[in-house]
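Below is one structure, written out as structure tokens; the observations come after it.
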Amino acid sequence: MTATTTAPPALSPGRRFRRFMADYPIVPLIVLLAVLMVVLEIMRPGIVNERWVANTVKFAIPLAILAACQTMTMLTGGIDLSVGTIATMAAFIVATQTPVHGPAIAVMIALVPGVLIGLANGIGAGVFRVHPLIMTLGTSLIGTGALQVYQRTVIATGSEVPDALAWLGTGVTGGFPNALLVFVPLAAVIIYTLRSTGFGRLLYAVGDNEKASRISGVHYWQVIVAVYIVSGVLAGIAGLLYVGLIKAPSLSLAEPLLLPSVAAAVIGGTSIFGGRGGYAGTIVGALILRVLTTLLTILHMPEGLRDVLFGLIILVVTAIYLRITSDT
Amino acid sequence: MRWARPDRRAPDFHSLDPRAAPPPVTDSDPLLLDASGVVKNYGAVTALRNASLSVRRGEVHALMGANGAGKSTLVKILTGAIRPTAGHILIRGKESNVHSPAEARRAGLVSVYQEPALIPDLDVADNLRLTQTPVEPFRAWVKELGVDALDLREPARNIPLAVLRVLDLARALAAEPDLLLLDEMTAALPANLAERVLEVVRNQTRSGRSVIFISHRMLEISALCDRATVLRDGATVGVVDMAPGAEEQIVELMLGEKTGRAERRRATRTGEETVVDSGATPRLSARNLRVGTKLRDVSFDLLPGEVLGLVALEGQGQDELFGVLSGSIRPSGGSVAVDGRTARFGHPADAIAEGVVFVPGNRVEALCMQRSVRENIALPFSARIPTWGPIRRRMENGRIDDAIDRLQIDTRAQAEVQRLSGGNQQKVTIARWIATGARAVLCFDPTRGIDVGTKREIYRLLRELAARGTSVLLYTSELDEVHLACDRAVVIFNGRVVDTLSAAEADEPTLVRAAYGLTGTAARPAPDAPAANADPVGPPA
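Going down the list, the sequences are from chains A and B.
Numbers 314 to 641, taken from this note's numbering, label the letters of the first sequence in order.
Numbers 40 to 580, taken from this note's numbering, label the letters of the second sequence in order.
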């Protein structure tokens, strides 16, 4: 029941609350984010300031872009486990190609592996019906291996993170991280694509019911190939921003972001079964994960315990969230 | 998961098994099975009101009834798959306490269902071991049934369907059941195997064993069976001794008082009438379509502005026919033409490009349940790659609103289709193609499980579509409503067109007779397109 229509009298207040939550899942997420920030402020008064916000946002952006890959592929009922590798490849390639070809061409080259791996993922999952989990895991391993081979060929060239990427990744202008210059338009395009383009409509449709989309004339493989290519390109962009932020390319640079990117999408309300979710929620999900990380860091706990707590909180939050937003 | 009981393992206990030493001659009770007053309710829904079935020793007994009469519920109760709400079931004169198919098997009742029962990933020998079927008798039966050279190590999935059915039967026979229950045993069999099966079934009765035989093929029934029990609307309405002329009696019983009702209904046909120009190029024509063993040879023409009814009992090839026409299944033979031009559909998109669209009967198959009403209707707008860009809301909204209005879809719960009632969901599946525009609509049982009011609305809408020149192919399981919605009706039996009737002729008794293969092909050359002209109900508008 949407807010604009009259509710039938039979719905109880609890049911109505759940329907509202189901229709506007972003509301509880924003509330949760606000609560976490209040908790943080109470535990360490004064920590929530302009610098901290800018820093949190800065680190959340590469995560949020990788989570966009998960959101889009999860909407179709898939997942993309190759995004960590793609981002790492893009970062490593841009750093090693800049000394040779200059930053502009290096960036172009850096995005090529993302397109190729995305294409392979799409063909595997869409045409040959390999489960995306296996398909993307496989291409991810292949990518990692290829990167190691590549590394030997560029040992002599040295590495250099382009100034532009460093400026985008770490720079803050007037309190706003420069990365927002890339992220805001990108997020706007993704949200617009999901909500208001035919492609976005099909992502939801094939994930919700592939058979129904088929009898409506949709070629499944076209949608899947396209979404994994888009995912590969986005992962490449995330890698470029991330190397600008970390400034130290390595062979496993973005791998630690892989599972948080899945978590961000799930916390953001995208169903791993497909057909339900959106990018706005994912962005808030990425922010929530970053704030949680800060929260656990300032508790001065041993690393292991921190991870245990982190995992528990994600599970509990997701469970509660699914409970209050599912209307059945 | 049930653990195997000791008595199923240890051979010592076999002597306690009643079927090991059947005392058929000395038994005073001539009835092997006697079920009476059987009632089954599912919540408020009554599946069986008052069913009875008695099977004598040494007879082949047919169980007859139209779709939904309660045959399968009764069978499930007899085999212990479900429990009756009330009623008595006596086996050999004693109250039955069969609570599972395995217990039924031990009591001497073995059934062979319509779908192959061997586990595809196991080979034949392992499948036999699962049911503790002795191998040698099984081999003997397989041979007896006309299948030579069977490799027991062959995985079941590599065995053709017809042979699988024979293996199912052989496995059942190897258990030496007193009462064998065969559900549509011959449906998937080629003629030579079917003959052997019938012969073997007949021979079963010589040794005092009995068979319950369920089939849609009336000719088999009259050739094979001694008596027939007829179910209608969940109750046994008669037991017929098979003799010449008994087929008619069975059909009368299956129809009940409906024969007279159809006459009265004829006057109440709803919706607009159309002039169908039988000389026009057919919008959609099928020629000698074949799909495996299910669809054997189907040809017909769907004319512009016509609602053509398709009538068939369950599993006569209609699913495959709709699959081929909508582009989901590739035919193994024959051709489809749209407006006189041969068309090859490799994907539903190809059919849609020709204006041929499919409305499945199963709404779960047709709708994105978590999406809104509007998104579901708009789905085909974005199917092709050139339409993947920004959605043209103004164009879409006009057409969607129009479709919602025309179908009077209740949009109060439109945010997710799964919140809609079944009838409203069905309307959404049709609205999709009204908004998008279609030239031939293939409706597969669109009124299954929806209320009478919505049913009427859907029929009226189909007539309206036809009045505007759209062609409609309507498969419906509700035979008494065919003449309300259709201009002509094509009857399919066993994968072939057996009859073509005008709306005036297509009353329920005629359709049932044709659908059971009792009339048709022999009497009349099919397909006879001009039948629509002879329709006295539809005066030219």
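Each residue gets a CB set at the ideal place from its N, CA and C atoms; glycine is no exception.
A quick note: this is a predicted structure, and the numbers were derived from the prediction, not measured.
Where the alpha helix (DSSP H) through B:A274 begins and ends:
Counted from its first residue, the second sequence places residue 274 of chain B at position 235. Counting along the chain, B:A274 falls outside any alpha helix (DSSP H), though it belongs to the beta strand (DSSP E) covering A274 to D280.
Taking only beta carbons into account, state which residues of the segment 389 to 405 of chain B come closer than 7 Å to chain A, listed in chain order.
Residues of the segment 389 to 405 of chain B with a C-beta atom less than 7 Å from some C-beta of chain A are I391, F397, P399, E404 and A405, listed in chain order.
Can you say whether B:L365 is buried or exposed, counting buried as having 16 or more other CB atoms within 10 angstroms of its CB?
Mapped onto the second sequence, residue 365 of chain B falls at position 326. A small fix is needed here, since residue 365 of chain B is Ser in this sequence, not Leu. Buried is the label assigned to B:S365, since at least 16 other Cβ atoms lie within 10 Å of its Cβ.
Please tell me whether A:D521 has its Cβ less than 7 Å away from any Cβ of chain B.
Residue mapping note: residue 521 of chain A aligns to position 208 of the first sequence, counting from 1. Answer yes: the Cβ-Cβ gap between A:D521 and chain B drops below 7 Å somewhere.
Which whole-angstrom value describes the C-beta separation of B:V205 and B:V186, a residue pair presumed to lie in contact below a C-beta threshold of 8 Å?
Translated into the one-based positions of the second sequence, residue 205 of chain B becomes position 166. Translated into the one-based positions of the second sequence, residue 186 of chain B becomes position 147. Contact flag correct, Cβ pair sits at about 5 Å.
Taking Cβ-Cβ distances below 7 Å as the criterion, which residues of the segment 425 to 441 of chain B are in contact with chain A?
If you check each beta-carbon in the segment 425 to 441 of chain B against every beta-carbon of chain A, the ones closer than 7 Å belong to T426, W427, G428, P429 and I430.
Assuming B:D336 is part of the beta strand (DSSP E), what are its boundary residues?
Here residue 336 of chain B refers to the residue found at position 297 of the second sequence. L334 to L341 is the span of the beta strand (DSSP E), which, as asked, contains B:D336.
In terms of residue numbering, what span does the beta strand (DSSP E) encompassing B:Y81 cover?
On the second sequence, position 42 is the one that residue 81 of chain B refers to. Residues L70 to Y81.
Quick check: what's the CA-CA separation for B:H386 versus A:Q535?
Here the question's residue 386 of chain B lines up with position 347 in the second sequence. Here the question's residue 535 of chain A lines up with position 222 in the first sequence. Their Cα atoms are separated by approximately 13 Å.
Neighbour-count burial assignment, A:V604, 16 or more Cβ in a 10 Å radius:
By 1-based counting over the first sequence, the position of residue 604 of chain A is 291. Classified as buried, A:V604 has 16 or more neighbouring CB atoms from the shown chains inside 10 Å of its CB.
Assign B:S246 to buried or exposed, taking buried as 16 or more other Cβ atoms, counted over all protein chains shown, within 10 Å of its Cβ.
Position 207 of the second sequence holds residue 246 of chain B. The residue is exposed, with fewer than 16 neighbouring Cβ atoms inside 10 Å.
Give me whichever residues DSSP pairs with B:N89 in a beta bridge.
Translated into positions along the second sequence, residue 89 of chain B becomes position 50. B:A274, per the DSSP bridge assignment.
Checking the sheet assignment: what are the DSSP bridge partners for A:P341?
Locating residue 341 of chain A in the first sequence gives position 28, counting from the first residue. The partner list for A:P341 (beta bridge, DSSP) is empty, contrary to what the question assumes.
Please report the Cβ distance between A:L507 and A:Y634, rounded to the nearest whole angstrom; I am assuming they are in contact, meaning their Cβ atoms lie under 8 Å.
Mapped onto the first sequence, residue 507 of chain A falls at position 194. Mapped onto the first sequence, residue 634 of chain A falls at position 321. Contact between A:L507 and A:Y634 is ruled out by a C-beta separation of about 19 Å, above the 8 Å threshold.
List the residues that DSSP assigns as beta-bridge partners of B:K494.
The residue given as residue 494 of chain B occupies position 455 in the second sequence. Beta-bridge annotation (DSSP): B:K494 is not paired with any residue.
Could you list which residues in chain A have their beta carbon closer than 7 Å to that of B:A422, in chain order?
Sequence index remark: in the second sequence, residue 422 of chain B carries index 383 (1-based). What B:A422 touches in chain A: S529, G530 and V531.
Could you check whether the segment 466 to 480 of chain A touches the segment 407 to 423 of chain A, counting it as contact only if at least three pairs of C-beta atoms, one from each stretch, sit closer than 8 Å?
Yes, since at least three Cβ pairs between the segment 466 to 480 of chain A and the segment 407 to 423 of chain A fall closer than 8 Å, the two stretches touch.
DSSP three-state call for B:P283: helix, strand or coil?
Counting from one through the second sequence, the residue named residue 283 of chain B turns up at place 244. It is coil, neither helix nor strand.
Those runs of the alpha helix (DSSP H) which lie wholly inside the segment 484 to 546 of chain B and span at least 4 residues
Runs of the alpha helix (DSSP H) spanning 4 or more residues and lying entirely within the segment 484 to 546 of chain B occur at 491 to 506 and 521 to 524, in chain order.
Run down chain B in chain order and give the residues with a C-beta less than 7 Å from the C-beta of A:K524.
Along the first sequence, read from residue 1 onward, the residue named residue 524 of chain A stands at position 211. Chain-order list of chain B residues neighbouring A:K524: E404, by C-beta distance under 7 Å.
Using DSSP bridges, identify the partner residues of B:E134.
Along the second sequence, one-based indexing puts residue 134 of chain B at 95. Answer is B:L129.
Taking the alpha helix (DSSP H) that B:A376 falls in, what are its first and last residues?
Locating residue 376 of chain B in the second sequence gives position 337, where the first residue counts as 1. No alpha helix (DSSP H) holds B:A376; the beta strand (DSSP E) holding it covers G372 to V377.
When the Cα atoms are used, what is the spatial distance from B:D265 to B:A226?
Position 226 of the second sequence holds residue 265 of chain B. Position 187 of the second sequence holds residue 226 of chain B. Those two C-alpha atoms are separated by around 20 Å.
Which residue wins for smallest C-alpha separation from B:V78, given the options B:W472, B:V278 and B:D272?
Position 39 of the second sequence, counted from the start, is the residue given in the question as residue 78 of chain B. Closest option to B:V78, Cα to Cα, is B:D272.
If A:M402 and A:G552 are in contact, beta carbons under 8 Å, what's the gap, nearest whole angstrom?
For this step, residue 402 of chain A is matched to residue 89 along the first sequence. For this step, residue 552 of chain A is matched to residue 239 along the first sequence. That pair is a contact at about 7 Å.
Partners in chain A for B:S365, counting only beta-carbon separations shorter than 9 Å:
As a first step, residue 365 of chain B is located in the second sequence; it is residue number 326 there, counting from the start. Within chain A, the residues near B:S365 are I528.
Just confirm the distance between the C-beta atoms of A:S453 and A:T398, as a whole number of angstroms; I'd bet it's less than 8 Å.
Start at 1 with the first residue of the first sequence, and residue 453 of chain A comes out as number 140. Start at 1 with the first residue of the first sequence, and residue 398 of chain A comes out as number 85. At roughly 4 Å, the Cβ-Cβ gap stays under 8 Å, so A:S453 and A:T398 are in contact.
Skipping 5 residues on each side, what residues in its chain have a beta carbon closer than 8 Å to that of A:L346?
Taking the first sequence and counting its residues from 1, the one referred to as residue 346 of chain A is at position 33. Excluding sequence neighbours, A:L346 sits near V597, L600, I601 and V604.
In chain order, what residues of the segment 371 to 389 of chain B put their CB closer than 8 Å to some CB of chain A?
Considering only beta carbons, the part of the segment 371 to 389 of chain B lying closer than 8 Å to chain A consists of H386, P387 and A388, in chain order.
Could you check which residue in B:A442, B:S324 and B:E455 has the C-alpha nearest to that of A:R589?
In the first sequence, counting from the first residue as 1, residue 589 of chain A sits at position 276. Cα-wise, what sits closest to A:R589 is B:E455.
Using 7 Å as the limit for Cβ to Cβ distance, is A:A518 near chain B?
Locating residue 518 of chain A in the first sequence gives position 205, where the first residue counts as 1. Closer than 7 Å to some Cβ of chain B, the Cβ of A:A518 qualifies, so yes.
Identify whether B:C482 lies in helix, strand or coil by the three-state DSSP scheme.
One-based indexing of the second sequence puts residue 482 of chain B at position 443. Reduced to three states, the DSSP call for B:C482 is strand.
Residue range of the unbroken beta strand (DSSP E) whose run includes B:H255:
Locating residue 255 of chain B in the second sequence gives position 216, where the first residue counts as 1. No beta strand (DSSP E) holds B:H255; DSSP gives it neither H nor E.
Rounded to the nearest angstrom, how far is the Cβ of A:M387 from that of A:A578, given a contact under 8 Å?
Here residue 387 of chain A refers to the residue found at position 74 of the first sequence. Here residue 578 of chain A refers to the residue found at position 265 of the first sequence. So it is a contact: roughly 6 Å between Cβ atoms.
Per-residue contacts from B:M103 into chain A (C-beta, under 9 Å):
The residue labelled residue 103 of chain B in the question sits at position 64 within the second sequence. Here the premise fails: no neighbours, minimum Cβ distance about 35 Å.
So which residues of chain B does A:Q535 contact, with C-beta pairs closer than 7 Å?
Here residue 535 of chain A is taken as the residue at index 222 of the first sequence, counted from 1. Near A:Q535 (Cβ distances below 7 Å), the residues of chain B are I424.
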